[in-house]
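Colleague:
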Amino acid sequence: MKMPQPDAGVIARRAEIIEAMQAIVSGEGVITDEEELRVYDHDGLMAYKGLPLVVVLPETTGQVSAILEYCAANEVKIVPRGAGTGLSGGALPLADAITLGLGKFNKILEIDYDNRTVITQSGVTNLAITEAVEDEGFYYAPDPSSQIACSIGGNIAENSGGVHCLKYGLTTNNVLGIEMVLMSGKIVHFGGKHLDSGGYDLLGVATGSEGLLGVITEVTVRILQKPETARALLLGFPSNKSAGNCVAAIIGAGIIPGGMEMMDKPAIHATEDFVHAGYPLDVQALLIVELDGPEVEVDHLIERVDAIARQAGATHLSVSRSEEERQAFWSGRKNAFPAVGRLSPDYLCMDGTIPRRKLADVLQRIEELSQQYGLRIANVFHAGDGNLHPLILFDANEPGELEKAENFGADILRYCVEVGGVLTGEHGVGIEKRDLMGVMFTEDDMNHQQRLKCAFDPAHLLNPGKVYPTLHRCSELGRMFVHKGKLPFPDIPRF
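Be aware that the sequence shown starts at 91, since it is given in my numbering, and climbs by one per residue.
(1) H390: buried (16+ other C-beta within 10 angstroms of its C-beta) or exposed?
(2) With distances taken between CB atoms, is the gap from V214 to N196 smaller than 8 Å?
(3) Do the CB positions of A333 and M352 come within less than 8 Å of each other?
(4) Starting from M93, follow its DSSP beta bridges and name the residues at the other end.
(5) I need the DSSP call for V572, collapsed to helix, strand or coil.
(6) Output the residue ranges of the alpha helix (DSSP H) runs that lie fully inside the segment 182-225 and measure 4 residues or longer, sorted by chain position.
(7) Return the first residue and the last residue of the alpha helix (DSSP H) that H479 is part of.
(8) Find the nearest neighbour of E318 within the set H366, K424, G383, judged by alpha-carbon distance.
(9) Measure how close the beta-carbons of L503 and L526 come, nearest whole angstrom, since I'm counting them as under 8 Å.
(10) I'd like to check one pair, P234 with G587: are the Cβ atoms closer than 8 Å?
(11) Could you pull out every residue in the same chain whose Cβ sits closer than 7 Å to the Cβ of N425, ignoring the five residues on either side in sequence?
(12) Whose C-beta lies closer than 6 Å to the C-beta of N553 among residues of the same chain, with five residues either side of it excluded?
(13) Buried or exposed, going by whether 16 or more other CB atoms sit within 10 Å of the CB of F427?
(14) If A515 and N477 are in contact, beta carbons under 8 Å, what's the gap, nearest whole angstrom?
(15) Going by DSSP in three states, S299 sits in which element: helix, strand or coil?
(16) Might you give, ordered along the chain, the residues of its own chain that have their beta carbon closer than 8 Å to the beta carbon of D485, omitting 5 neighbours on each side?
(17) Per DSSP, what are the beta-bridge partners of A320 in this structure?
(18) Report buried or exposed for P489, applying the criterion of at least 16 other Cβ atoms within 10 angstroms of its Cβ.
(19) Quick check on the DSSP output: the alpha helix (DSSP H) that includes I101 runs from which residue to which?
(20) Beta carbon of C439, beta carbon of H479: below 8 Å?
(21) L177 to R541, Cα distance in whole Å?
(22) Below 8 Å on the Cβ atoms is my guess for G499 versus K556; work out the distance and round it to an integer in Å.
(23) On the DSSP letters alone, give me the boundaries of the alpha helix (DSSP H) that P428 sits inside.
(24) In its own chain, which residues sit with a C-beta less than 6 Å from the C-beta of H573, not counting the 5 before and 5 after it?
(25) With DSSP as the reference, please indicate the residues paired to M136 in a beta bridge.
(26) How many Å lie between A404 and S329 at the Cα?
(27) Which residues in the same chain have their Cβ closer than 7 Å to the Cβ of A239, if we skip the five residues on either side of it in sequence?
(28) Let me check understanding here. Comparing Cα to Cα, which of L272, V271, L314, R432 lies closest to V265?
(29) For the segment 253-310, list the beta strand (DSSP E) runs that are entirely contained and at least 3 residues long, ordered along the chain.
(30) Alpha carbon to alpha carbon, how far is A418 from G432? Give it in angstroms, no decimals.
(31) Taking all protein chains shown into account, do 16 or more other C-beta atoms lie within 10 angstroms of the C-beta of Y290, making it buried, or fewer, making it exposed?
(32) Can you name the residues that DSSP bridges to G326?
(33) Please classify Q401: does DSSP put it in a helix, a strand, or coil?
(34) Hey, could you find the ends of the beta strand (DSSP E) I456 is sitting in?
(35) So, helix, strand or coil for R171, using DSSP?
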């Protein structure tokens, strides 16, 4: 895994850069002490780390603008950082770059129930938006497992999903507008409260751009009215294949659940031991299927899903009888990642997406790879939309195990692409999948994508080393010159 070569000239100017940052952000908003910098030396992909040049914590969009304007004029790199919960290394710091933390952008600015929108600063957590509107019967639909901690700005950067994205969409389907600061320091607004905008879909371009195009400071999201009724079914199966077939059959019947999640036996046992959600322990695979809407519709759909599950070979069927029980069913899934952490000193959480019809085949291939690499695995994923989260268990203290886990994960992602899927569903590319981009895209594909980046960031100062395995200078991309001007990437230190 390699990153851009640190700029010794920028590192030599550290004291000057710190002084300039302190002139923009006063008080404790500039962090320079080495021990305090270690808090920011990695994100949720904890296998890699590095100390940032300096951490700056602005409080206003004007300060972000001034910081980026200074960096553009003085050729200083910027790594934007939300809550640091990302799992692809997208917020990994660089030794010659300012880490720009948005944690102080933590205020909800406006709640507009008439237009069903919320305007919020980008550092507000995902769950806080729902908590702000739930007393009036509303909620924000995308709900990644880290929603208690992850920031809405980070959700937009990675186009996060969650357990309810099958019916209600990913972040891109629920964000209406953003305020973003470009590398030049210019403040721009894409979208707004309105449903759609004229011209190029720059809001769509910014969503999922992983901090490569600008720094998001303000967000307008869509809120939804809570459904009249929501009930969840626990469906246990004797094999992953029968559970996968049930997923395909439910969707094939024209039923779109509010959420449909799947766990295999290791994940079931880990989560039940951790949260005592009431999961059956005598099954090989478990589906959680949530149905929502008018009560009469939900009752009808429960009957249909029950029949489909029985036909697919389900050996356990239970339906939530109260809101508390429904929440308990979901508590296991929401806590699956920390629960699996009890099984192994370390794990890698992968993120690939496949066609639903290939679910059983991919699970079989993952099991074969587990045997090949000699590493255990627990599978937890959004079955309804084919977004897999295999958790590869390993011990980083054992020589070579991290490398084996990484190779195992890379083979899973290659197979996802081979069967018609993609490298990432919601975690982003970052550094984790960057060197696999060539599996999915041709070099011409990636060059055209980088030409878009050049329109926003011609000097490659925003989050360099992420997403693309090779950086090309913008002048050469303008001529579509492919093989020269490559920037060297040194190795990233591991824990």
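Don't be surprised by glycine CBs; every beta carbon is placed ideally from N, CA and C. All values reported here derive from a predicted model rather than from experimental measurement.
Modeller: From the atom records:
(1) The count along the sequence shown starts at 1 and reaches residue 390 at position 300. Exposed, since its Cβ has fewer than 16 Cβ neighbours within 10 Å.
(2) Indexing the sequence shown from 1 puts residue 214 at position 124. Indexing the sequence shown from 1 puts residue 196 at position 106. A contact, by the Cβ cut-off of 8 Å.
(3) For the purposes of this step, residue 333 is taken as the residue at position 243 of the sequence shown. For the purposes of this step, residue 352 is taken as the residue at position 262 of the sequence shown. Yes, the pair counts as a contact, with Cβ atoms nearer than the cut-off.
(4) One-based indexing of the sequence shown puts residue 93 at position 3. Per DSSP, none; premise fails for M93.
(5) Residue 572 sits at position 482 when you count from the first residue of the sequence shown. Low per-residue confidence applies at V572: pLDDT is 44, beneath 50, and the placement is therefore not dependable, though the value from the model is reported in the following sentence. Correct three-state label for V572: coil.
(6) 216-223
(7) Residue mapping note: residue 479 aligns to position 389 of the sequence shown, counting from 1. H479 -> no alpha helix (DSSP H), and no H or E assigned at all.
(8) Here residue 318 refers to the residue found at position 228 of the sequence shown. Ranking H366, K424, G383 by Cα distance to E318 puts G383 first.
(9) One-based indexing of the sequence shown puts residue 503 at position 413. One-based indexing of the sequence shown puts residue 526 at position 436. Confirmed, about 6 Å.
(10) For the chain, the structure presents residues 91 to 585; residue 587 sits outside this window and is missing.
(11) Counting from one through the sequence shown, the residue named residue 425 turns up at place 335. Same-chain partners within the cutoff: T361, F364, V365.
(12) Counted from its first residue, the sequence shown places residue 553 at position 463. Cβ neighbours of N553 beyond the five flanking positions: V169, G301, L302.
(13) Translated into positions along the sequence shown, residue 427 becomes position 337. Buried: at least 16 other Cβ atoms inside 10 Å.
(14) Here residue 515 refers to the residue found at position 425 when the sequence shown is read from its first residue. Here residue 477 refers to the residue found at position 387 when the sequence shown is read from its first residue. Inspection of the sequence shows that residue 515 is occupied by Gly rather than by Ala. Indeed they touch by this definition, with Cβ atoms about 3 Å apart.
(15) By 1-based counting over the sequence shown, the position of residue 299 is 209. Correct three-state label for S299: coil.
(16) Reading the sequence shown from its first residue, position 395 is the one you call residue 485. Excluding positions up to five away in sequence, the list reads S434, P435, D436, E491.
(17) The residue given as residue 320 occupies position 230 in the sequence shown. D382, per the DSSP bridge assignment.
(18) In the sequence shown, the residue the question calls residue 489 occupies position 399. P489 comes out exposed.
(19) Taking the sequence shown and counting its residues from 1, one reaches residue 101 at position 11. Its alpha helix (DSSP H) spans residues 98-102.
(20) By one-based count along the sequence shown, residue 439 stands at place 349. By one-based count along the sequence shown, residue 479 stands at place 389. Cβ distance < 8 Å, so C439 and H479 count as in contact.
(21) Within the sequence shown, the letter at position 87 stands for residue 177. Within the sequence shown, the letter at position 451 stands for residue 541. If I take the Cα positions, the gap works out to 26 Å.
(22) Counting from 1 along the sequence shown, the entry for residue 499 is found at position 409. Counting from 1 along the sequence shown, the entry for residue 556 is found at position 466. With a Cβ gap of about 18 Å, G499 and K556 do not count as contacting.
(23) Counted from its first residue, the sequence shown places residue 428 at position 338. Counting along the chain, the alpha helix (DSSP H) containing P428 begins and ends at 426-430.
(24) Mapped onto the sequence shown, residue 573 falls at position 483. With a pLDDT of only 47 at H573, under 50, the local geometry of the prediction cannot be trusted, and the value read off the model is given with reservation. Nothing meets the Cβ criterion.
(25) The residue labelled residue 136 in the question sits at position 46 within the sequence shown. In the DSSP output, where bridge partners are listed per residue, M136 has none listed.
(26) Within the sequence shown, residue 404 is the residue found at index 314, counting from 1. Within the sequence shown, residue 329 is the residue found at index 239, counting from 1. Taking the straight line from one Cα to the other gives about 9 Å.
(27) Position 149 of the sequence shown, counted from the first residue, corresponds to residue 239. For A239, where only same-chain residues beyond five positions count, the Cβ hits under 7 Å are A173, T175, T215.
(28) Against the sequence shown, residue 265 aligns to sequence position 175. For the residues L272, V271, L314, R432, the minimum Cα distance to V265 belongs to L314.
(29) 265-271, 277-281
(30) Residue numbering aside, residue 432 sits at position 342 when the sequence shown is read from its first letter. Residue numbering aside, residue 418 sits at position 328 when the sequence shown is read from its first letter. Before going further, note that residue 432 is Arg rather than Gly in the sequence given. Cα to Cα, the separation comes out at about 20 Å.
(31) Against the sequence shown, residue 290 aligns to sequence position 200. So Y290 counts as exposed.
(32) Position 236 of the sequence shown holds residue 326. BP columns for G326 point to L376, H406.
(33) Position 311 of the sequence shown, counting from 1, holds the residue named residue 401. Q401: helix per DSSP, three-state reduction.
(34) For the purposes of this step, residue 456 is taken as the residue at position 366 of the sequence shown. Boundaries around I456 are those of the alpha helix (DSSP H), 449-463, since no beta strand (DSSP E) includes it.
(35) As a position in the sequence shown, residue 171 is number 81, starting the count at 1. Assigned with DSSP and collapsed to three states, R171 falls in strand.
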